[in-house]
Amino acid sequence: MTIDIIDLSDPEYSDLNAVQMAMVREAQQKKNEILASAQKEKEEYFSILVSNNMARNTFYALTQARLDAEAEAKIQAVKDDLDYQLAYEALGSEGDENGPYRYPENPNYNLAPSQRFLVVRAYYMQATEDAEARLAAYAADTLAREYLGEFYATLYDLLAAYTY
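This note's numbering applies: residue 242 is where the sequence shown begins, and numbers increase by one.
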């Protein structure tokens, strides 16, 4: 997936954590869906004009411009939301009175469950290359059971899949 929803240099992308990258990918996917929907609408409208022998009508150019403007407005809203989310997450990732947020020393309970999943997954994927040792360590992690809730089993299944 080409990411063009936000303009960051390569070093800035490498500084993004797992949660922030998930936010960027989700926003990029929304942008791609908006553009695809607008393109589909334009093609359907053009097809209607062709079937009515009005393909060279200036009304198509106006409709095309309107659809492009609507798509750009939606994309700008997604981009603004992404900027806000990244700024908010950066503030929240700094830490609390116990120090910087870092799993498992000082987990961030302000994160959504899916973001917690990404944080814990990144922690275990970076912990060791040995898939069986990683799975054993995760199975023994009592904090992960409480921190992840319903996502605990999902991450367990994912880590177990690496052992095959």
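We treat Cβ as the ideally placed atom computed from N, Cα and C, and that holds for glycine.
Source: prediction; values computed, not measured.
Exercise. Per DSSP, R343 is paired with what?
Worked result: Here the question's residue 343 lines up with position 102 in the sequence shown. DSSP, once it has assigned bridges, lists N347 as partnering R343.
For this session: Keeping to the same chain, check which residues put their C-beta closer than 8 Å to that of A275; ignore five residues upstream and five downstream.
Result: Position 34 of the sequence shown, counted from the start, is the residue given in the question as residue 275. The residue you asked about is not Ala; residue 275 is Ile in the sequence shown. Closer than 8 Å at Cβ, skipping near neighbours: A312, K315, I316, V319.
Exercise. Whole alpha helix (DSSP H) runs in the stretch 294-334 with 4 or more residues, listed along the chain?
Worked result: The stretch 294-334 contains these whole alpha helix (DSSP H) runs: 299-333.
For this session: Provide the residue span of the alpha helix (DSSP H) that contains N258, from first to last.
Result: Position 17 of the sequence shown holds residue 258. The continuous stretches of alpha helix (DSSP H) do not include N258, and DSSP gives it neither H nor E.
For this session: Starting from the Cα of A279, find the closest Cα among Q270, A378, R307 and give me that residue.
Result: The residue given as residue 279 occupies position 38 in the sequence shown. Ranking Q270, A378, R307 by CA distance to the CA of A279 puts R307 first.
For this session: Run the CB neighbour count on Y379, radius 10 Å, all protein chains shown included, and call it buried at 16 or more, exposed below.
Result: Locating residue 379 in the sequence shown gives position 138, where the first residue counts as 1. Burial of Y379 is indicated by the presence of at least 16 other C-beta atoms within 10 angstroms of its C-beta.
Exercise. What residues in its chain sit with their C-beta under 7 Å from that of K283, if we drop five residues either side in the sequence?
Worked result: In the sequence shown, counting from the first residue as 1, residue 283 sits at position 42. Within the same chain, and ignoring the five residues on either side of K283 in sequence, the residues whose Cβ sits closer than 7 Å to its Cβ are Q305, L308.
Exercise. If you pair each beta-carbon of the stretch 243-255 with each one of the stretch 345-365, do three or more pairs fall below 8 Å?
Worked result: Result no; under three Cβ-Cβ pairs closer than 8 Å.
Problem set entry | Straight-line Cα distance separating K271 from Y364 | In the sequence shown, counting from the first residue as 1, residue 364 sits at position 123. In the sequence shown, counting from the first residue as 1, residue 271 sits at position 30. Our two residues, Y364 and K271, have alpha carbons roughly 27 Å apart in a direct line.
For this session: Determine the extent of the alpha helix (DSSP H) in which E387 is found, giving its start and end residues.
Result: Stepping through the sequence shown from its first residue, residue 387 is reached at position 146. 383-389 is the span of the alpha helix (DSSP H), which, as asked, contains E387.
For this session: With M366 as the anchor, note down where its alpha helix (DSSP H) starts and where it stops.
Result: Along the sequence shown, read from residue 1 onward, the residue named residue 366 stands at position 125. Where M366 is concerned, the enclosing alpha helix (DSSP H) stretches over 354-368.
For this session: Label D371 either buried or exposed according to how many other C-beta atoms from any shown protein chain fall within 10 Å of its C-beta, with 16 as the threshold for buried.
Result: Taking the first residue of the sequence shown as 1, we reach residue 371 at position 130. With fewer than 16 other Cβ atoms within 10 Å, it is exposed.
For this session: Note down the Cα distance separating A310 from T404, rounded to an integer number of angstroms.
Result: One-based indexing of the sequence shown puts residue 310 at position 69. One-based indexing of the sequence shown puts residue 404 at position 163. The straight-line gap from Cα to Cα measures roughly 50 Å.
Problem set entry | V260 vs L359 beta-carbon contact at 7 Å | Here residue 260 refers to the residue found at position 19 when the sequence shown is read from its first residue. Here residue 359 refers to the residue found at position 118 when the sequence shown is read from its first residue. When the beta-carbon positions are compared, V260 and L359 come within less than 7 Å of each other.
For this session: Could you check the C-alpha separation between E387 and N351 for me, to the nearest Å?
Result: Within the sequence shown, the letter at position 146 stands for residue 387. Within the sequence shown, the letter at position 110 stands for residue 351. In a straight line, the C-alpha of E387 is about 14 Å away from that of N351.
For this session: Compare the Cα-Cα distances from Y393 to each of V361, D245, N298 and report the closest residue.
Result: Counting from one through the sequence shown, the residue named residue 393 turns up at place 152. Cα-wise, what sits closest to Y393 is V361.
For this session: Pick helix, strand or coil for L249, following the three-state DSSP scheme.
Result: In the sequence shown, residue 249 corresponds to position 8, counting from 1. In this structure, DSSP gives L249 a state outside helix and strand, which the three-state scheme calls coil.
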